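Colleague: The structure is given below, and queries will be raised subsequently.
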Amino acid sequence: MSSRDVKVVVTGLGVTTPVGGDVPSTWEAILAGRSGIRTLEEDWVAKYELPVTFGGRLAVPADQVLTKVEVRRLDPNAQYAMIASREAWQDAGAPDVDPLRLGCVIGTGIGGVWTLLDQWDNLREKGPRRVFPLAVPMLMPNSASGNVSLDLGARAGAHTAVSACASGAESMGLAAEMIRSGRADIVVAGGTEGAMHPLCFAGFAAMQALSKRNDDPAHASRPYDVDRDGFVMGEGAAVMVLESEESARARGARIYAEFAGLGMSADSHHIAAPEPEGAGASRAMIEALERAGVSPSDVCHVNAHATSTPVGDVAEANAIRRAFGDAADGMAVSATKSMTGHLLGAAGALEGVLTVLSVHHRVAPPTINIENLDPEVNLDVVRDTPRDLPAGDIVALNNSFGFGGHNVALAIKNY
Amino acid sequence: MAQTEQEILEGLANIVNEETGVDVADVQLDKSFTDDLDIDSLSMMTIVVNAEEAFGVRIPDDEVKNLSTVGDAVTFIKNAQG
């Protein structure tokens, strides 16, 4: 059997997000159009005079889920990944799999920034003796992947995709490749980010990338609205259990959807700005469909990257048109960051999970906060309430893009 | 600020629990950190660093390898406190 013949399916899902502590509560909030964005209560907001005073903290704080020792020995980045991975693993039925056939790929955009900076403070204020001996294994970007591998006994390989806000989707794509190439039968894959640190707020604000709608946080993330003014920082993790169809069927697993295609490209245009015509992004979308063996007219839903930045949303809309032409008219486009905010390295993973749920339940999530649709966005945007997807064979696409010019598109098919 | 052996044991047991999750009740004088309590060298260093702060003593790196049991650590801390 050639690698292209190996069908990869989704058998487990897990998340912790600003709108819910697990998959059922998150999905319920998304369909209800509830925002997870609030004014931040942390004292560092005022202390450092941050120009942005809101974001999407986890709906259920990690210390309510993990043990005290886990919280102490893991950076938030890895904590969130553990929560999502454990849920996904249980959701998949905790498969009895040879550890040498089980892998994990957990991506992140930023990594253990809290540990890095806390320990830098310790060094400066108290000296080298007070630097926590676990500082390095906590701050390294592969910490989440390594800890999930330890937790689940995954020995086929533990990898970390780092491609800014495309990391989560890239991880899921690489996990599917791992299965197709025969390196593993089951791979736990996703993205995580725990970077709601004042430095990250200050850094993104300095780029003019964040919304400054401080007086109205719940309406700040408004992809495709004419008055959008930047993204809203969120945090969390999302993970799916990917599995060869053969393995899933052999153990009688519940199958949510087929993980049908992956497309990736790089803009090589600018380190942070998207290529305005969307050439690179459209190449990724076309590749995902080609590898899924479907045509644009089969695509009924796109979970867009749509972060609520003035430039990015239009560039993606152009890319979708460029890739699909008139076929884009038949695609229900959803921007779920309008509710969750932007989870950076976990964003693509969360939206990947939501795309799987959309296909499985045949419903496209709403996009909230659009008062006036930007006329430059020539797409069929699902606004305010969910929209049913058709019966029969369907395909949905999830787009993720990251600073550095990374473009990732995932194609999900009903099963 | 010299403390009794019992006070040091209790304080140390709390640190061990905080860093590794080992039950406070299991941290007894005759227990080996590695063989009985399953504490690896990295975790041992986190315990040492916290014990230094809690007990106001310095535990040199060269000395850590000699602290094989909880009792060894309590004795070292007691002597270091004078």
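Residue numbers (the UniProt record's numbering), protein chains in the order written: chain L, 1 to 415; chain V, 1 to 82.
Glycine is no exception: its CB is placed at the ideal position from the N, C-alpha and C atoms.
Being a predicted model, the structure only gives us computed values, none of them experimental.
1. Helix, strand or coil, according to DSSP, for valine 9/L in the structure here?
2. Is the shortest distance between the beta-carbon of valine 69/L and the beta-carbons of chain V less than 8 Å?
3. Answer with buried or exposed for lysine 68/L, where buried requires no fewer than 16 other C-beta atoms within 10 angstroms of its C-beta.
4. Roughly how many angstroms lie between the CA atoms of alanine 266/L and leucine 150/L, to the nearest whole one?
5. How would you call serine 295/L, buried or exposed, if buried means at least 16 neighbouring beta carbons within 10 angstroms?
6. I'd like to know if leucine 42/V contacts chain L, where contact means its C-beta is closer than 8 Å to some C-beta of that chain.
7. Using the Cβ count rule (16 or more neighbours within 10 Å means buried), how would you classify threonine 355/L?
8. Beta-carbon within less than 7 Å of alanine 13/V's beta-carbon, same chain only, minus the 5 sequence neighbours each way: which residues are those?
9. Proline 128/L touches chain V at which residues, Cβ-Cβ below 8 Å?
10. Consider the Cβ of leucine 134/L: report whether some Cβ of chain V lies at a distance smaller than 8 Å.
11. Grab the span of the alpha helix (DSSP H) containing isoleucine 47/V for me, first residue to last.
12. In the DSSP assignment, what residue or residues form a beta bridge with isoleucine 394/L?
13. Answer yes or no: does any C-beta atom of chain V fall closer than 8 Å to that of arginine 72/L?
14. Curious, which full-length beta strand (DSSP E) runs of at least 3 residues does the segment 270-357 of chain L contain?
15. For chain L, check one thing: does any of its Cβ atoms lie closer than 8 Å to the Cβ of glutamate 63/V?
16. I need the boundaries of the beta strand (DSSP E) containing serine 265/L, first residue and last residue.
17. Using three-state DSSP, classify methionine 240/L as helix, strand or coil.
18. So which of Leu9/V, Glu63/V and Thr20/V has the shortest CA-CA distance to residue 418/L?
19. What residues are listed by DSSP as bridge partners for alanine 409/L?
20. Mind listing the chain L neighbours of glycine 21/V? Cutoff is C-beta to C-beta under 7 Å, in chain order.
21. For a contact defined as C-beta to C-beta under 7 Å, what are the partners of threonine 69/V on chain L?
22. Within 8 Å, do at least three Cβ pairs link the segment 319-329 of chain L to the segment 209-218 of chain L?
23. Is glutamate 10/V close to chain L, meaning its C-beta is less than 8 Å from at least one C-beta of that chain?
24. The beta strand (DSSP E) that contains threonine 192/L, what's its start and end?
25. For glycine 146/L, which of helix, strand or coil comes out of DSSP?
26. Which of the three DSSP states is assigned to arginine 362/L in this structure?
Modeller: Looking at the atomic coordinates:
1. strand
2. yes
3. exposed
4. 32 Å
5. exposed
6. yes
7. buried
8. Listed in chain order, the non-local C-beta contacts of alanine 13/V below 7 Å within the same chain comprise Val24 and Val27, local neighbours out to five positions each way being set aside.
9. Within 8 Å Cβ-Cβ: nothing; proline 128/L doesn't reach chain V, min ~10 Å.
10. yes
11. 41-55
12. Per DSSP, none; premise fails for isoleucine 394/L.
13. yes
14. 299-303 and 332-334
15. no
16. 257-266
17. Methionine 240/L falls in the strand class under three-state DSSP.
18. Nothing can be reported for residue 418/L: it is not among the residues displayed for chain L, which extend from 1 to 415.
19. Gly263/L and Asn399/L
20. Thr67 and Val69
21. Correct list: empty, because the minimum Cβ distance to chain L is about 20 Å.
22. no
23. no
24. 186-193
25. helix
26. Correct three-state label for arginine 362/L: coil.
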